[in-house]
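Visitor:
There are 2 protein chains.
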Amino acid sequence: MPNKEVLFGKESKAIDVSNWYLQLIKKAELAEYGEARGTMVIRPYAYALWENIVSSLDSEIKAAGVKNAYFPLLIPMHLLETEQEHVQGFSPHLAVVTHGGGKQLKEPLAVRPTSETIMYPYYSKWIQSWRDLPLLINQWNNVVRWEMRTVPFLRTTEFLWQEGHTAHATHAESWEEVLRALKMYERVYRDKLAIPGIAGVKSASEKFAGAENTTTLEILMPDGKALQGCTSHDLGQNFSIPFNINFIDKDGLRKNVWQTSWGFTTRSIGAIIMVHGDDRGLRLPPEVAPIQVVIVPIKGKSVETVINQTQAMAQALKKQGIRVLIDDREELSTGAKYFDWENKGVPVRLEVGVREAEGSTVTVFRRDTNTKLILHKDQIDKEVPLLLTDIQQTMLTQAEDFLKTHFFDIGDYDDFKTIMSSGRGMIRAHWCEDSACEAAIKNETKASTRCLPLDAPEEEGLCVHCQRPSTHRWIFAQSY
Amino acid sequence: MPNKEVLFGKESKAIDVSNWYLQLIKKAELAEYGEARGTMVIRPYAYALWENIVSSLDSEIKAAGVKNAYFPLLIPMHLLETEQEHVQGFSPHLAVVTHGGGKQLKEPLAVRPTSETIMYPYYSKWIQSWRDLPLLINQWNNVVRWEMRTVPFLRTTEFLWQEGHTAHATHAESWEEVLRALKMYERVYRDKLAIPGIAGVKSASEKFAGAENTTTLEILMPDGKALQGCTSHDLGQNFSIPFNINFIDKDGLRKNVWQTSWGFTTRSIGAIIMVHGDDRGLRLPPEVAPIQVVIVPIKGKSVETVINQTQAMAQALKKQGIRVLIDDREELSTGAKYFDWENKGVPVRLEVGVREAEGSTVTVFRRDTNTKLILHKDQIDKEVPLLLTDIQQTMLTQAEDFLKTHFFDIGDYDDFKTIMSSGRGMIRAHWCEDSACEAAIKNETKASTRCLPLDAPEEEGLCVHCQRPSTHRWIFAQSY
Chain A
1 MPNKEVLFGK
11 ESKAIDVSNW
21 YLQLIKKAEL
31 AEYGEARGTM
41 VIRPYAYALW
51 ENIVSSLDSE
61 IKAAGVKNAY
71 FPLLIPMHLL
81 ETEQEHVQGF
91 SPHLAVVTHG
101 GGKQLKEPLA
111 VRPTSETIMY
121 PYYSKWIQSW
131 RDLPLLINQW
141 NNVVRWEMRT
151 VPFLRTTEFL
161 WQEGHTAHAT
171 HAESWEEVLR
181 ALKMYERVYR
191 DKLAIPGIAG
201 VKSASEKFAG
211 AENTTTLEIL
221 MPDGKALQGC
231 TSHDLGQNFS
241 IPFNINFIDK
251 DGLRKNVWQT
261 SWGFTTRSIG
271 AIIMVHGDDR
281 GLRLPPEVAP
291 IQVVIVPIKG
301 KSVETVINQT
311 QAMAQALKKQ
321 GIRVLIDDRE
331 ELSTGAKYFD
341 WENKGVPVRL
351 EVGVREAEGS
361 TVTVFRRDTN
371 TKLILHKDQI
381 DKEVPLLLTD
391 IQQTMLTQAE
401 DFLKTHFFDI
411 GDYDDFKTIM
421 SSGRGMIRAH
431 WCEDSACEAA
441 IKNETKASTR
451 CLPLDAPEEE
461 GLCVHCQRPS
471 THRWIFAQSY
Chain B
481 MPNKEVLFGK
491 ESKAIDVSNW
501 YLQLIKKAEL
511 AEYGEARGTM
521 VIRPYAYALW
531 ENIVSSLDSE
541 IKAAGVKNAY
551 FPLLIPMHLL
561 ETEQEHVQGF
571 SPHLAVVTHG
581 GGKQLKEPLA
591 VRPTSETIMY
601 PYYSKWIQSW
611 RDLPLLINQW
621 NNVVRWEMRT
631 VPFLRTTEFL
641 WQEGHTAHAT
651 HAESWEEVLR
661 ALKMYERVYR
671 DKLAIPGIAG
681 VKSASEKFAG
691 AENTTTLEIL
701 MPDGKALQGC
711 TSHDLGQNFS
721 IPFNINFIDK
731 DGLRKNVWQT
741 SWGFTTRSIG
751 AIIMVHGDDR
761 GLRLPPEVAP
771 IQVVIVPIKG
781 KSVETVINQT
791 QAMAQALKKQ
801 GIRVLIDDRE
811 ELSTGAKYFD
821 WENKGVPVRL
831 EVGVREAEGS
841 TVTVFRRDTN
851 TKLILHKDQI
861 DKEVPLLLTD
871 IQQTMLTQAE
881 DFLKTHFFDI
891 GDYDDFKTIM
901 SSGRGMIRAH
911 WCEDSACEAA
921 IKNETKASTR
931 CLPLDAPEEE
941 GLCVHCQRPS
951 THRWIFAQSY
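Those protein sequences? They're chains A and B, same order as listed. The numbers in our numbering rise by one with no breaks, and the one at position 295 of the first sequence is 295. The numbers in our numbering rise by one with no breaks, and the one at position 182 of the second sequence is 662.
What follows is the structure, encoded as structure tokens:
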């Protein structure tokens, strides 16, 4: 009974999540290490998943009136150095081109780690009047950031992402855009990837290099650590001043624009694996699964009848817009096929043998709960879409339950330390907002501030560490 | 009457095509020069055009069973050097990363100029048995090739493209794939971009570095020069031998695979501009136009009636799946709007004034012929789709007519020289297939062999240059 086996023995998710994660990526054929240090090859199955994520997010970006464009990969160093905090933050992570066409370049070129400094000289040119605002541009591309420790999808030297860059007439408008992007990400994570998160604002020490404020969606991982799922930055006028991005306003005065930037990366695939994977392998939310339903013919004696049945079923499901595949590989046993598709996380499997071909029902396996059910064959075009919706919802609920059971409201620092030294999780606690205190907590518990939740009310309290007055409860966790 | 004006005076397409081309790109807001030498910024309007081209081509690629994936940007130098002809061809065009994370790298990394050498180590790993074949992978990405002379879209240091890379059990199968890709490109150029071309095989001196054979679609430009619109390569076993890509065949023997690679780039946007643009600006084929129909309200006295009418029309057209925009900019005159959209090449303009709002007809401008017609308002949902189809066909016919009138069957070398020193064009002539003779022709006329057309019959003849026996007539032209 290979379908009852688990893929992962010693590498169980519960025992060694890091090893489990790497083994899953290998066995589900998601990625390989690249030849250059820290890079990765995104294999077709994972790339198809990424295309579905991109498609969802791109629709939302376009619906918000943001236009896609493309800016160059290579950034002359003098541009990168225009904003001081920005260059200081990114300098240790740059890949630098020093030679082109066989000659040493007069000025080295950075491979973009992010595109603020290559885009904003054009913003300066394109924006002259209040009529040119807001300027809303996004690009889908690859970026390179030299990293010491890399993990496929979660932290790689090169990754794929989108970066939105907008310019506005007022700070109120740009802040609204920061929140719009963050809420869009939260929606995509929740409704498409079935992943809940905590949306909030970063502390000063955790914000993007060059931003006034950074917002984030923090996602709880199975080992109780938090993953930064995306970021949306309020850049204030930090770039518009050095890059001279200004406009004549309706009142006739020349003003600097207010800017935002926001990004969502292939790290989201790592989040899907981490949150939804189990000891049989990957589990994919139907909304983004490259294959939503796999039909496995069990040929037996009535080969032709079985094949006709699988094709009829596939047709019926395709008509409903479902992404379906018939696994007719000759060289694999039925058990090996079940094993393979469970490993790859296909949400629904239809098992079609002689009994199903000749009878009126079909056996269905749902990957979210690893359970079987029986459906009437002539109902599958109605029932399977409902099942997919139910699976999507169930996976979200499972992830929400995990978050709830690993989320702690803490007032006492000893409790804080106990949690961080055992099963970990997310802690909500009062903090005085002094970065020295934040550093001490991190030093003692490895937990850092993850965010101040957007909906956190102002409330009187005492800092969990130093007992000085605090006005808000922040989220703490160990992070990747 | 600004709509009667032409954008281009001294920079008429007929007088100075290079200058006309650069002015058009600027005025239609398609691109800007990048900050690093030879790079470019693809502005939103041109990027939306690229997205439509990508969407068409990607559907065809997927329908052929090819799967998308993503391989790293950075290629360790020792991999690039694995195939000798390949590295010799690309060495002069490399951008090289020598520093990462603040340190000099032990081994420099090339920014991919093309991905054969970063992909094929994985092909070697993934392909073990005949069951693993064919392996059909494509990727959409950016590549960098250091170029001496650059022109936006047509030749840039960085460009966007797709590169398909396939591996097969036999040479017959891989050759079939080379032709499948070429014909797919030919179809996209013809049916989507309304651009005819001549599909054929390159001579030995013109083929891709590392290929056995290169096929191409050669497109005639308005100045009588030829543009290589895409390429599809028969790589033979040139890479599978040094990269050890082999498999156990059905007969139990270990064999090297036969490979292909094929690419289509943002150069296609340059081809659209060159082939279809006129002295009013860009003209876009409806199939790929970001905006297919622009509706210009001419408000006059009945502002509300006019606005209601434009919205009703836009709704009716959107229901037909047409990409429509209402230009309700307050700050521009009607004439300036006409001027702008003609410049940007929108195929159809509906002019909605008080007369139209109150009457039963609407005035329509078609950009392919720069003429006006009248349509019944209640018929636009039926008539406009037909009009767009007609425009698409008319633009293809116009381009075919230009190709026909600039295509010459030549037997006499003096005639050959006369054509190449005056209006230029494509010449079909016998050639002995000796590369010394090819070089002499190029030296004397600046014309090189562009291709041997796929459908060229074997026929006895004498080389147009040396008068030695020839078996085929080749296409010659000056190239970019």
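Even for Gly, the Cβ is constructed at its ideal location relative to N, Cα and C.
In chain B, which residues lie with their C-beta within 8 Å of the C-beta of Lys-67/A?
Guide: Numbered from 1 along the first sequence, position 67 holds the residue referred to as residue 67/A. The contacting residues are Pro-524, Tyr-527, Ala-528.
Visitor: What's the C-alpha gap between Asp-223/A and Ala-14/A?
Guide: Along the first sequence, read from residue 1 onward, the residue named residue 223/A stands at position 223. Along the first sequence, read from residue 1 onward, the residue named residue 14/A stands at position 14. If you take the alpha carbons of Asp-223/A and Ala-14/A, they lie about 8 Å apart.
Visitor: Look at Ser-928/B and Glu-686/B and say whether their C-beta atoms are less than 8 Å apart.
Guide: For this step, residue 928/B is matched to residue 448 along the second sequence. For this step, residue 686/B is matched to residue 206 along the second sequence. Going by C-beta atoms, Ser-928/B is nearer than 8 Å to Glu-686/B.
Visitor: Going along chain B in order, which residues have a C-beta closer than 9 Å to the C-beta of Ser-91/A?
Guide: Position 91 of the first sequence, counted from the first residue, corresponds to residue 91/A. The contacting residues are Gly-582.
Visitor: Between Lys-27/A and Gln-392/A, what straight-line distance do the alpha-carbon atoms span, to the nearest angstrom?
Guide: On the first sequence, residue 27/A is found 27 positions in, with the first residue counted as 1. On the first sequence, residue 392/A is found 392 positions in, with the first residue counted as 1. If I take the Cα positions, the gap works out to 23 Å.
Visitor: I'd like to know if Phe-264/A contacts chain B, where contact means its C-beta is closer than 8 Å to some C-beta of that chain.
Guide: Along the first sequence, read from residue 1 onward, the residue named residue 264/A stands at position 264. False, the Cβ-Cβ gap to chain B never drops below 8 Å.
Visitor: Within 8 Å of any Cβ in chain A, is that where the Cβ of Ile-752/B sits?
Guide: For this step, residue 752/B is matched to residue 272 along the second sequence. Closer than 8 Å: no.
Visitor: At a CB distance below 8 Å, what residues from the stretch 810-837 of chain B approach chain A? Give them in sequence order.
Guide: Within the stretch 810-837 of chain B, the residues whose Cβ lies closer than 8 Å to some Cβ of chain A are Glu-811, listed in chain order.
Visitor: Alpha helix (DSSP H) containing Val-668/B: first to last residue?
Guide: As a working mapping, residue 668/B is identified with position 188 in the second sequence. It is not in any alpha helix (DSSP H) - Val-668/B carries neither H nor E in the DSSP assignment.
Visitor: CB Glu-266/A to CB Ile-298/A, shorter than 8 Å?
Guide: Stepping through the first sequence from its first residue, residue 266/A is reached at position 266. Stepping through the first sequence from its first residue, residue 298/A is reached at position 298. Before going further, note that residue 266/A is Thr rather than Glu in the sequence given. Their beta carbons are not under 8 Å apart, which means Thr-266/A does not touch Ile-298/A by this criterion.
Visitor: Any chance you could list the alpha helix (DSSP H) runs of at least 4 consecutive residues sitting entirely within the stretch 20-66 of chain A, in chain order?
Guide: If we require 4 residues or more, the alpha helix (DSSP H) runs fully inside the stretch 20-66 of chain A come out as 44-63.
Visitor: Which residues bound the beta strand (DSSP E) around Pro-385/A?
Guide: For this step, residue 385/A is matched to residue 385 along the first sequence. No beta strand (DSSP E) contains Pro-385/A, which is instead part of the alpha helix (DSSP H) from 380-405.
Visitor: Within this structure, are the beta carbons of Gly-757/B and Leu-634/B separated by less than 8 Å?
Guide: By one-based count along the second sequence, residue 757/B stands at place 277. By one-based count along the second sequence, residue 634/B stands at place 154. No; because the gap between Cβ atoms is not below 8 Å, this pair is not in contact.
Visitor: Using the beta-carbon count (16 or more within 10 Å), is Val-303/A buried or exposed?
Guide: One-based indexing of the first sequence puts residue 303/A at position 303. Its Cβ having fewer than 16 others within 10 Å, Val-303/A is exposed.
Visitor: Which ranges does the alpha helix (DSSP H) cover as unbroken runs of at least 4 residues, wholly within the stretch 734-808 of chain B, from first to last along the chain?
Guide: Runs of the alpha helix (DSSP H) inside the stretch 734-808 of chain B: 747-756, 783-799.
Visitor: Check this for me: beta carbons of Lys-417/A and Thr-445/A, under 8 Å apart or not?
Guide: Here residue 417/A refers to the residue found at position 417 when the first sequence is read from its first residue. Here residue 445/A refers to the residue found at position 445 when the first sequence is read from its first residue. Cβ atoms of Lys-417/A and Thr-445/A: closer than 8 Å.
Visitor: Could you tell me how far apart the beta carbons of Asn-238/A and Glu-83/A are, in whole angstroms, since I believe they sit closer than 8 Å?
Guide: Taking the first residue of the first sequence as position 1, residue 238/A is located at position 238. Taking the first residue of the first sequence as position 1, residue 83/A is located at position 83. Yes, Asn-238/A and Glu-83/A are in contact; Cβ-Cβ is about 6 Å, under 8 Å.
Visitor: Tell me whether Glu-666/B counts as near the ligand FMN, meaning its Cβ is closer than 7 Å to at least one heavy atom of that ligand.
Guide: Here there are no bound small molecules, and the ligand FMN is not part of this structure.
Visitor: Look at the alpha carbon of Gly-580/B and the alpha carbon of Gly-690/B, and state the distance between them as a whole number of angstroms.
Guide: Locating residue 580/B in the second sequence gives position 100, where the first residue counts as 1. Locating residue 690/B in the second sequence gives position 210, where the first residue counts as 1. Roughly 30 Å separates the two Cα atoms.
Visitor: Only counting the same chain, and skipping five residues up and downstream in sequence, which positions put a Cβ closer than 6 Å to that of Ile-198/A?
Guide: The count along the first sequence starts at 1 and reaches residue 198/A at position 198. Excluding residues within five positions, the ones whose Cβ falls inside 6 Å are Glu-218, Pro-453, Ile-475.
Visitor: For the alpha helix (DSSP H) holding Gly-815/B, just list the boundary residues, first then last.
Guide: Numbered from its first residue, the second sequence carries residue 815/B at position 335. Counting along the chain, the alpha helix (DSSP H) containing Gly-815/B begins and ends at 814-823.
Visitor: Cβ closer than 8 Å: which chain A residues qualify as neighbours of Glu-515/B?
Guide: Here residue 515/B refers to the residue found at position 35 of the second sequence. Going along chain A in sequence order, the residues near Glu-515/B (Cβ under 8 Å) are Pro-72, Ile-75, Pro-76, Leu-79, Ile-118, Pro-121.
Visitor: In the DSSP assignment, what are the bridge partners of Phe-153/A?
Guide: Taking the first residue of the first sequence as 1, we reach residue 153/A at position 153. In the DSSP output, where bridge partners are listed per residue, Phe-153/A has none listed.
Visitor: Does Phe-551/B come out as helix, strand or coil in the three-state DSSP assignment?
Guide: By one-based count along the second sequence, residue 551/B stands at place 71. Three-state DSSP puts Phe-551/B in coil, outside helix and strand.
Visitor: Who are the Cβ neighbours of Leu-662/B in its own chain at under 6 Å, not counting the five residues just before and after it?
Guide: Counting from one through the second sequence, the residue named residue 662/B turns up at place 182. Cβ neighbours of Leu-662/B beyond the five flanking positions: Ala-679, Thr-695, Ser-712.
Visitor: Might you give, ordered along the chain, the residues of its own chain that have their beta carbon closer than 8 Å to the beta carbon of Ile-241/A, omitting 5 neighbours on each side?
Guide: One-based indexing of the first sequence puts residue 241/A at position 241. Contacts found: Asn-256.
Visitor: Candidates Ser-492/B, Gly-582/B, Tyr-501/B: which alpha carbon is nearest Pro-108/A's?
Guide: For the purposes of this step, residue 108/A is taken as the residue at position 108 of the first sequence. When only C-alpha atoms are compared, the closest one is Gly-582/B.
Visitor: So Glu-822/B and Gly-761/B are supposed to be a Cβ contact under 8 Å. How far apart are they, rounded?
Guide: Within the second sequence, residue 822/B is the residue found at index 342, counting from 1. Within the second sequence, residue 761/B is the residue found at index 281, counting from 1. About 6 Å; that satisfies the 8 Å criterion.
Visitor: Would you grab the beta carbon distance between His-573/B and Glu-596/B for me? Rounded to a whole angstrom, and I think it's under 8 Å.
Guide: Your numbering for residue 573/B matches position 93 in the second sequence. Your numbering for residue 596/B matches position 116 in the second sequence. That pair is no contact at about 14 Å.
Visitor: By the criterion of Cβ-Cβ separation under 9 Å, what are the contact partners of Val-188/A in chain B?
Guide: Taking the first residue of the first sequence as position 1, residue 188/A is located at position 188. In chain order: nothing, as chain B lies at least about 20 Å away.
Visitor: Using a Cβ-Cβ distance cut-off of 8 Å, determine whether His-566/B contacts chain A.
Guide: Residue numbering aside, residue 566/B sits at position 86 when the second sequence is read from its first letter. Chain A contact via Cβ: absent.
Visitor: What do you reckon, are the CB atoms on Val-844/B and Lys-852/B nearer than 8 Å?
Guide: The residue given as residue 844/B occupies position 364 in the second sequence. The residue given as residue 852/B occupies position 372 in the second sequence. Yes, Cβ-Cβ distance for Val-844/B and Lys-852/B is below 8 Å.
Visitor: Can you tell me where the alpha helix (DSSP H) holding His-86/A begins and where it ends?
Guide: On the first sequence, residue 86/A is found 86 positions in, with the first residue counted as 1. Counting along the chain, the alpha helix (DSSP H) containing His-86/A begins and ends at 84-90.
Visitor: Have a look at Ala-357/A, His-376/A, Leu-179/A, Pro-347/A and flag the residue whose alpha-carbon is nearest the alpha-carbon of Leu-284/A.
Guide: Here residue 284/A is taken as the residue at index 284 of the first sequence, counted from 1. Residue Pro-347/A is the option with its Cα nearest to Leu-284/A.
Visitor: Any beta carbon of chain B sitting closer than 8 Å to that of Trp-130/A?
Guide: For the purposes of this step, residue 130/A is identified with residue 130 of the first sequence, where counting begins at 1. Chain B, which has no Cβ nearer than 8 Å to the Cβ of Trp-130/A, makes this no.
Visitor: Determine the burial state of Ala-879/B: buried for a count of at least 16 other Cβ atoms within 10 Å of its Cβ, exposed for fewer.
Guide: Start at 1 with the first residue of the second sequence, and residue 879/B comes out as number 399. Classification of Ala-879/B: buried, given that the 10 Å Cβ count is 16 or more.
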